[in-house]
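Numbering (my numbering), first residue to last: 643 to 1132. C-beta: ideal position from N, C-alpha, C; glycine also. Every value quoted in this text rests on a predicted model; they were computed, and no experiment measured them.
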């Protein structure tokens, strides 16, 4: 643990990659662009999944599962959808291998060509709506509120662990409604669920808004999003919720008979978050010593490290620590007692610091005699001596303080790095330093594209809570209805 690691200041990208390895979250696999999520990293994802899954069920959704493979013809039924994903699709063309008669090892059997190629799922709208047409006949069959936990494949040229990989894990909600208003309300509701999860559990402040037309999901009438600011000032899209209108219902001829018996096309939504949230979590809170985790998502919330010379010392400290562990468990707090005698306490301290464990307790024989313990707080990197009596209640309070402190720290960072700009010259001079820039835009995709070409900055969202403020576009000088958020992004 004495190894010198790259700091955020030196090279933010390298710092991130090193941290993922150092905290034992994930590693690159031999399959290009794909990752192995290691047990500690997967434990964090499982906590995210567990919390979100409960929220989906609380809002009336049920889980289901649909095929990994999608017939190529399905994708071509919705024109903008296929345009959006065509360049990212992995395609299955054959179904059998055989030994090469010339001794070249295993080869694809040329006689085993599929009649129709299959697309490895980049997203599931088409395969799901093909099922919905069999499930929906009447208004009595609506709404359908389905969520799927799955993996997807989108062929990426440049990959980064968690943030952008060829295969990643996610959830995708797909709902069908009798009215346009119902579908719009569903899309808005799920965005709020995402925002609440990000802020309450990830301690990550987000801005809710909608995407510009050119940034919408392929096949959507409207895309809502939550955007977060990372420590380097770049934006990260943390979740999206799409109002799909009747596009997929029309493509797959999904109609229902209303109360008057009239046939209508169904209205739809889809929404999702992915393992990108792991990247967001890392980049929102972590420091040069390693991962920093909000307690709500930490696999280990409290770790106890004994400092001892004799077996008798270890036995007495262990008894005291395990007694605390039982109390904490009864309060819903995860506790680990690390009595591994092959590793020195200093090594353990550095390891748990790198893994982002919120609270570390260290106890030696003298602490035991004095009825106290050394407590280290990961977010502030502070240490204090705490009386052992009622320490369980103190820890409960402290975990809440850490959760709130991380949120406030991230919120302050965003506030300090959010700027109003009115001139394009000012915008260009500041954009490379990072941050969110509230600027007027004339609403045209032409202007949006020009700004992107010249600065690599995009419109991250049109905020819901941004008051309508008429002005002139910083680029074209044409009228603007209000400010939008420009930023460079992951």
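Residue i CB to nearest heavy atom of the ligand COA below 6 Å
i           : result
residue 667 : Among the ligands in the structure shown, none appear at all, so the ligand COA cannot be discussed.
Buried/exposed call for residue i, threshold 16 Cβ in 10 Å
i            : result
residue 786  : buried
residue 1099 : buried
residue 736  : exposed
residue 1022 : exposed
residue 651  : exposed
residue 1009 : buried
residue 777  : exposed
residue 789  : buried
residue 748  : exposed
residue 765  : buried
residue 662  : buried
residue 904  : exposed
residue 657  : buried
Distance between residue j and residue i (C-alpha atoms, nearest Å)
i            : j            : result
residue 617  : residue 867  : Coverage of the chain is limited to positions 643 through 1132, which leaves residue 617 absent and any answer about it impossible.
residue 997  : residue 879  : 25 Å
residue 933  : residue 991  : 13 Å
residue 829  : residue 784  : 16 Å
residue 1040 : residue 723  : 48 Å
residue 1036 : residue 965  : 15 Å
residue 659  : residue 803  : 7 Å
residue 1054 : residue 1020 : 19 Å
residue 833  : residue 839  : 10 Å
residue 857  : residue 1080 : 17 Å
residue 664  : residue 854  : 38 Å
residue 859  : residue 729  : 15 Å
residue 1084 : residue 836  : 29 Å
residue 1048 : residue 1005 : 27 Å
residue 707  : residue 794  : 13 Å
residue 1029 : residue 849  : 41 Å
residue 687  : residue 645  : 28 Å
residue 983  : residue 1026 : 25 Å
residue 922  : residue 1015 : 34 Å
residue 1012 : residue 1031 : 11 Å
residue 881  : residue 756  : 36 Å
residue 738  : residue 797  : 23 Å
residue 954  : residue 931  : 33 Å
residue 1003 : residue 928  : 20 Å
residue 1090 : residue 752  : 47 Å
residue 811  : residue 917  : 6 Å
residue 717  : residue 1103 : 27 Å
residue 744  : residue 914  : 48 Å
residue 822  : residue 1113 : 32 Å
residue 677  : residue 733  : 20 Å
residue 1001 : residue 1108 : 38 Å
residue 893  : residue 705  : 24 Å
residue 643  : residue 693  : Low confidence applies here, because residue 643 scores a pLDDT of 45, under 50, leaving its location unreliable; read the following figure in that light. Whole-angstrom Cα-Cα distance: 33 Å.
residue 725  : residue 1072 : 34 Å
Residues bridged to residue i [DSSP beta-bridge criterion]
i            : result
residue 817  : 787, 911
residue 878  : 870
residue 934  : The partner list for residue 934 (beta bridge, DSSP) is empty, contrary to what the question assumes.
residue 887  : 910
residue 669  : 678
residue 1083 : DSSP lists no partner for residue 1083.
residue 897  : 907
residue 864  : 885
residue 811  : 793
residue 713  : 760
residue 851  : 867, 1105
residue 736  : 755
residue 1001 : 944, 1019
residue 800  : DSSP, once it has assigned bridges, lists no residue as partnering residue 800.
residue 806  : 802
residue 929  : 932
residue 1078 : 1060
residue 704  : 788
Contact with chain D by residue i, beta-carbon distance below 7 Å
i           : result
residue 708 : Here chain D cannot be found, since the structure has a single protein chain.
Nearest-angstrom beta carbon gap, residue j and residue i [assumed within contact, 8 Å]
i            : j            : result
residue 763  : residue 679  : Between residue 679 and residue 763 the Cβ distance is about 18 Å, and since that is not below 8 Å, they are no contact.
residue 647  : residue 874  : Contact flag wrong, Cβ pair sits at about 17 Å.
residue 907  : residue 896  : 7 Å
residue 863  : residue 886  : 6 Å
residue 1133 : residue 1076 : It is not possible to answer for residue 1133, since the shown part of the chain is limited to 643 through 1132.
residue 690  : residue 935  : With a Cβ gap of about 12 Å, residue 690 and residue 935 do not count as contacting.
>> So within the segment 1094-1130, which uninterrupted beta strand (DSSP E) runs reach at least 3 residues, ignoring any that extend past its ends?
In response: 1100-1105, 1125-1129
> What are the uninterrupted segments assigned as alpha helix (DSSP H) that are 4 or more residues long and contained completely in the segment 1005-1074, given in chain order?
Replying inline: Runs found: 1007-1012, 1033-1058, 1066-1072.
>> Restricting to runs no shorter than 3 residues, where is the beta strand (DSSP E) found entirely within the segment 743-792?
In response: 748-750, 755-762
> Could you give the uninterrupted runs of the beta strand (DSSP E) lying entirely in the segment 941-982, keeping only those of 3 residues or more?
Replying inline: 944-948, 977-979
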